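Protein chains in written order, with the working numbering: chain L, 1 to 317; chain C, 1 to 300; chain U, 1 to 259.
Don't be surprised by glycine CBs; every beta carbon is placed ideally from N, CA and C.
Given the structure is predicted, the values throughout are model-derived calculations rather than measurements.
Remarks on the structure that follows.
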Amino acid sequence: MLRFAKLPIAIFAVLIIIFPWVAREISAISHYTDIMVFAGIYSLITIGLSLLMGYAGQISIGHAAFFGIGAYISAILTVRYGLNPWLCMFIGMIIAAVVAILVGAPSLKLKGHYLAMATLAFGIIIYIIFNEEIEWTGGPDGMSGIPGLSLFGFEFDSVVSYFYLVWSFVFAAFIFTINIIQSGTGRALRAIHTSEPAASAMGVDISRFKIFVFVYSAILASVAGSLYAHYLNFINPSTFDLFFSIKLLIMIALGGMHNIWGAIIGAGLITFMSYEWLHYFEELEVIVYGAILLIITIFFPNGLVGVPGIIKDLVRR
Amino acid sequence: METITFGSQLFQYLITGVTVGSTYAIVAIGFNIIYDVTEIINFAQGEFVMLGGLIMVFFHVALGLPLILAFPVTVILVTLVGMLLDRLAIRPIRQPSVLTLIIATIAASILIKGAAMFIWGKDPFDLPAFSGRNPITVFGAVIQPQYFWVIGFLIITVIALSIFFDRTIIGKAMSACADNADAASLAGINVKRMILLSFALSAGMGAVAGITVTPISLMEYDRGAMLAIKGFGAAVLGGLGSFPGAVVGGLIIGTIESFGAGLISSGYKDAFALIVLLVVLFFKPSGIFGSIEISRIKRF
Amino acid sequence: MNDVREENLLEVQGVGMTFGGLMALGNLNFKVKRGTIKAIIGPNGAGKTTLFNVITGSFPPTEGKVRFNGQPIEHLKAHSIADRGISRTFQTMELFDNMTVLENVMLGCHTRFRASFIASGFQLPQSRRKEEQIQSRAMKILKFIGLDGKFNEPSDSLPLGEQKMLEIGRALASEPELICLDEPAAGLNETETHVASSLIKAINAKGTTVLLVEHDMKVVMNISDEIVVLNYGQRIAEGTPEEIRNNPKVIEAYLGSDD
Numbered sequence: 001m002l003r004f005a006k007l008p009i010a011i012f013a014v015l016i017i018i019f020p021w022v023a024r025e026i027s028a029i030s031h032y033t034d035i036m037v038f039a040g041i042y043s044l045i046t047i048g049l050s051l052l053m054g055y056a057g058q059i060s061i062g063h064a065a066f067f068g069i070g071a072y073i074s075a076i077l078t079v080r081y082g083l084n085p086w087l088c089m090f091i092g093m094i095i096a097a098v099v100a101i102l103v104g105a106p107s108l109k110l111k112g113h114y115l116a117m118a119t120l121a122f123g124i125i126i127y128i129i130f131n132e133e134i135e136w137t138g139g140p141d142g143m144s145g146i147p148g149l150s151l152f153g154f155e156f157d158s159v160v161s162y163f164y165l166v167w168s169f170v171f172a173a174f175i176f177t178i179n180i181i182q183s184g185t186g187r188a189l190r191a192i193h194t195s196e197p198a199a200s201a202m203g204v205d206i207s208r209f210k211i212f213v214f215v216y217s218a219i220l221a222s223v224a225g226s227l228y229a230h231y232l233n234f235i236n237p238s239t240f241d242l243f244f245s246i247k248l249l250i251m252i253a254l255g256g257m258h259n260i261w262g263a264i265i266g267a268g269l270i271t272f273m274s275y276e277w278l279h280y281f282e283e284l285e286v287i288v289y290g291a292i293l294l295i296i297t298i299f300f301p302n303g304l305v306g307v308p309g310i311i312k313d314l315v316r317r
Numbered sequence: 001m002e003t004i005t006f007g008s009q010l011f012q013y014l015i016t017g018v019t020v021g022s023t024y025a026i027v028a029i030g031f032n033i034i035y036d037v038t039e040i041i042n043f044a045q046g047e048f049v050m051l052g053g054l055i056m057v058f059f060h061v062a063l064g065l066p067l068i069l070a071f072p073v074t075v076i077l078v079t080l081v082g083m084l085l086d087r088l089a090i091r092p093i094r095q096p097s098v099l100t101l102i103i104a105t106i107a108a109s110i111l112i113k114g115a116a117m118f119i120w121g122k123d124p125f126d127l128p129a130f131s132g133r134n135p136i137t138v139f140g141a142v143i144q145p146q147y148f149w150v151i152g153f154l155i156i157t158v159i160a161l162s163i164f165f166d167r168t169i170i171g172k173a174m175s176a177c178a179d180n181a182d183a184a185s186l187a188g189i190n191v192k193r194m195i196l197l198s199f200a201l202s203a204g205m206g207a208v209a210g211i212t213v214t215p216i217s218l219m220e221y222d223r224g225a226m227l228a229i230k231g232f233g234a235a236v237l238g239g240l241g242s243f244p245g246a247v248v249g250g251l252i253i254g255t256i257e258s259f260g261a262g263l264i265s266s267g268y269k270d271a272f273a274l275i276v277l278l279v280v281l282f283f284k285p286s287g288i289f290g291s292i293e294i295s296r297i298k299r300f
Numbered sequence: 001m002n003d004v005r006e007e008n009l010l011e012v013q014g015v016g017m018t019f020g021g022l023m024a025l026g027n028l029n030f031k032v033k034r035g036t037i038k039a040i041i042g043p044n045g046a047g048k049t050t051l052f053n054v055i056t057g058s059f060p061p062t063e064g065k066v067r068f069n070g071q072p073i074e075h076l077k078a079h080s081i082a083d084r085g086i087s088r089t090f091q092t093m094e095l096f097d098n099m100t101v102l103e104n105v106m107l108g109c110h111t112r113f114r115a116s117f118i119a120s121g122f123q124l125p126q127s128r129r130k131e132e133q134i135q136s137r138a139m140k141i142l143k144f145i146g147l148d149g150k151f152n153e154p155s156d157s158l159p160l161g162e163q164k165m166l167e168i169g170r171a172l173a174s175e176p177e178l179i180c181l182d183e184p185a186a187g188l189n190e191t192e193t194h195v196a197s198s199l200i201k202a203i204n205a206k207g208t209t210v211l212l213v214e215h216d217m218k219v220v221m222n223i224s225d226e227i228v229v230l231n232y233g234q235r236i237a238e239g240t241p242e243e244i245r246n247n248p249k250v251i252e253a254y255l256g257s258d259d
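Right, here's the structure in full:
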């Protein structure tokens, strides 16, 4: 049976809780808390993508767009209209969901390559809009002065406070997603992935489930975008370009897209690579990403999460 | 200065559109060749065009090789890259699925792009036009001689390909693989070699497109992705797998883009082709010349 | 609810199906009486699987009507037809091989216990209760098909015979009124075939109507109440096993006229 063990989740939660305290004590990694905020934001997106791609088997190379929609809705509504950031985040979720339905309903009828290209095209179109609608988005220069978040009078004004905020979101999404996977809905999704004819013959409304997951992943990406905007106080379109969509793909491929843990592991590793470990390569880091993606696809189709299984098989032989 | 009438302006857009569209058409044909044989959509298709342009710049401009020599050398090199792509990224995959194949070709495309950035840097490069840059004026529209080269090479490519697929044994063998790989291999056709050949062919064609279009629109390392997706749009518009469809699709997409950029908004230039792609995918994914039956039969 | 129970559970009325000009089914008519076992036989390529695909909604017929419980269903999608009470197995074996034996059958319960996305995400008590109900239902079915001992094994680790049984079990899980079995005995050895035959009889004895495509004539003659014979997408005969056995047209279709 597909069950997620509770112990690793608990251990992971404890590790996250003590992370800022440990990082603060070791000066070489004291800035890791900041990177972990981004890792959390990206995990939020990859958790949804993993459900969409790994479990339901639907490809998206356009999720940077939903990330961007969340970020820009939050930025525009707070900066230009002075609305409450939480309300903006909620509006962003709704708009992302509506866009996901509009794009997803016709797209998800498409098979493999067509779906990939449709989401790719959608992502680029949204990116062009961010660049061109200068009155709204500030164009290529982006928007600054986005306010931080506060809750019941508590101001999120430090890295550590955002760290806990973002990772609370990640845990909520993680648990919610695990619950879905372990329920009849998750079973239906896995069924769709294996055999659409059999799934529909058993009464699974395939297009409905696909759209649900697409919308769910879009909402998570949108929330991530809002958090990103409020944390950085500044956004510009280049964050939401095609390469970011591909980076998301690398994250879940590296971690292993058939397992929600893979989403978090992949997001964490790629975030640390791009913010820290690959600085030496500067812009040529793209070659490293390409190599990682190719090696993973050829040799570790189940990502890093699948590695213990490979080792077990080797030992058993 | 003579006054530019609205009519001559429209004609200018049309000429530019057809020229750019010719490039998309060649990319679309490249998609079709690989798709027909393997049912793979090669997301790295645009990188061949980019490599064609930049390698040509290296041989022709940097090394000073004459055009007549640099051209074939460039095409051969890019063809080799295409074969390497098959050998290193596609063939090693043990359990090919749509998802893994898409990811593998995306990986290859960012690898190629990264390598190009490493070699050539981020600046765009120009290439001398094949027969000078003295434009001719027709109905008030300015036509660069290079436009004829681009369109001419599209026509040559299409003729050469149709001879190849209809008249030669290898070409017929490739078509057989496209129809039914299992039957083809039973008939003694080496399917793996045909796949390799399909990558070689479409890479070589991409190079030709890149070489001919660079004198018009320059070339830089990151142009591949957009060329690929517009070429795919052309292929889908014409009906994936259809060669005449690819040509018509490419010309339509190029023209729409040119008119859209000229009449509506130049900032949204790239968006027009993508919107066309989405509209086609949403409402008639089988394209103009494709049939639904064929898309049902295909595995992916 | 429709109180007037139709005598004929399924009626196929003038169904035709063409693929790009090729006729797979032509003006097909037949009825399946409630509570019976009806077999569809015919040479390879006669259109049997196509007929199944039309009945279960994989694609709509080019012409004609399919009535289930008196209601037209030919325009419905596969999942809605499943909701109405038709379930099926596949000739090509479409088990969910990334799931355990139990999960496969649990998925079969999908039409009867539908959990909402939100409810399952928040693990609301109702969704947990549903999950338990589904599980106990699925275990009962596994017991019925004799696979309860292997409930936790990956479905693709089962031998072919048991995989066939499992597919039938999965189809039963939705408590269908009509179950369509596409070659349940194909590839089975004699013992397994015997098990399959008695299982089908047992299913029928519980009141489920069975429509069956099968090549193994022993099975067909043994368990069917009525048989339809197809050839080139047309009905060439219909009747009891006895009538079909002696029908010259059928003999000709199977053995071919000597030319």
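| Query | Result |
| --- | --- |
| Phe11(C) to Val138(C) span [Cα, whole Å] | 9 Å |
| Residue range of the unbroken alpha helix (DSSP H) whose run includes Val139(C) | Reading off the sequence shown, one finds Phe at residue 139(C), where the question assumed Val. Element bounds for Phe139(C): n/a, residue is neither H nor E. |
| Sequence-distant residues of its chain with Cβ nearer than 8 Å to Pro8(L) (five each side left out) | Trp261 |
| Per-residue burial, Pro135(C) [other beta carbons within 10 Å of its own, 16 or more giving buried] | exposed |
| Phe6(C) burial status per 10 Å Cβ neighbour count (16 or more: buried) | exposed |
| Beta-carbon spacing of Ile270(L), Ile246(L) below 8 Å | no |
| Contacts that Val286(L) makes with chain C (C-beta to C-beta distance below 9 Å) | Ile110, Leu111, Lys113, Gly114 and Met117 |
| Residue burial classification, Asp141(L) (beta-carbon count within 10 angstroms, cutoff 16) | exposed |
| Residues, ordered as in the chain, of the region 194 to 209 of chain U that lie near chain L by beta-carbon distance below 7 Å | none |
| Rounded distance between the beta-carbons of Asn69(U) and Arg170(U), thought under 8 Å | That belief does not hold up - the Cβ atoms of Arg170(U) and Asn69(U) are roughly 23 Å apart, past 8 Å. |
| For Ser183(L) and Met93(L), believed in contact at Cβ under 8 Å, the rounded distance | 22 Å between Cβ atoms; not a contact. |
| Neighbourhood of Val219(U) by C-beta distance below 7 Å, restricted to the same chain and skipping five residues each side | Ala185, Thr193 and Ser197 |
| Chain-ordered chain L contacts of Met99(U) [CB-CB under 8 Å] | Leu2, Arg187, Arg190, Ala191 and Thr194 |
| For Ile16(L), the three-state DSSP class (helix, strand or coil) | helix |
| Where the region 245 to 257 of chain L meets chain C: residues whose CB sits under 9 Å from a CB there | Ile246, Leu249, Ile250, Ala253 and Met257 |
| Residues bridged to Asp182(U) (per DSSP) | Val213(U) |
| Chain C residues whose Cβ lies nearer than 9 Å to that of Tyr289(L) | Ala107, Ile110, Leu111 and Gly114 |
| Within-8 Å CB hit, Ala13(L) to chain U | no |
| DSSP-derived helix/strand/coil call for Ala129(C) | coil |
| Backbone CA spacing between Thr168(C) and Gly64(C) [nearest angstrom] | 36 Å |
| C-beta neighbour in chain C for His31(L), strict 8 Å | no |
| Residue of Asp123(C), Val49(C) and Lys230(C) minimising C-alpha distance to Phe278(C) | The residue asked about is misnamed: residue 278(C) is Leu in this sequence, not Phe. Residue Lys230(C) is the option with its Cα nearest to Leu278(C). |
| Inter-stretch contact (C-beta, 8 Å, three-pair minimum) for the region 110 to 118 of chain L and the region 97 to 110 of chain C | yes |
| Residues that Ile134(U) contacts on chain D, provided the C-beta gap is smaller than 8 Å | In the structure shown, chain D does not exist; the protein chains are L, C and U. |
| Neighbour list for Ser58(U) in chain L, Cβ cutoff strictly below 9 Å | Pro197, Ser200 and Ala201 |
| Per-residue contacts from Thr111(U) into chain L (C-beta, under 8 Å) | Met202 and Gly203 |
| Sequence-distant residues of the same chain with beta carbon closer than 6 Å to Asp97(U), five excluded per side | Ser155 and Asp156 |
| Ile55(C) - DSSP class collapsed to helix/strand/coil | helix |
| Listed by chain order, chain L residues near Asp270(C) by CB distance under 9 Å | Ile124, Ile125 and Ile128 |
| Secondary structure of Cys177(C), DSSP reduced to three states | helix |
| Beta-bridge pairing of Lys38(U) - partner residues as DSSP gives them | Leu211(U) and Glu226(U) |
| Members of the region 108 to 124 of chain L that neighbour chain C once the beta carbon cut-off is set at 7 Å | Leu110, Lys111, Gly112, His113, Tyr114, Ala116, Met117, Ala118, Leu120, Ala121, Phe122 and Ile124 |
| Cβ pair count under 8 Å reaching 3, the region 119 to 132 of chain U against the region 181 to 200 of chain L | yes |
| Distance between Lys249(U) and Ala237(U) (C-alpha atoms, nearest Å) | 7 Å |
| CB contact flag (Ala263(L), Leu49(L), <8 Å) | yes |
| Burial state of Asn189(U) (16 or more Cβ within 10 Å) | exposed |
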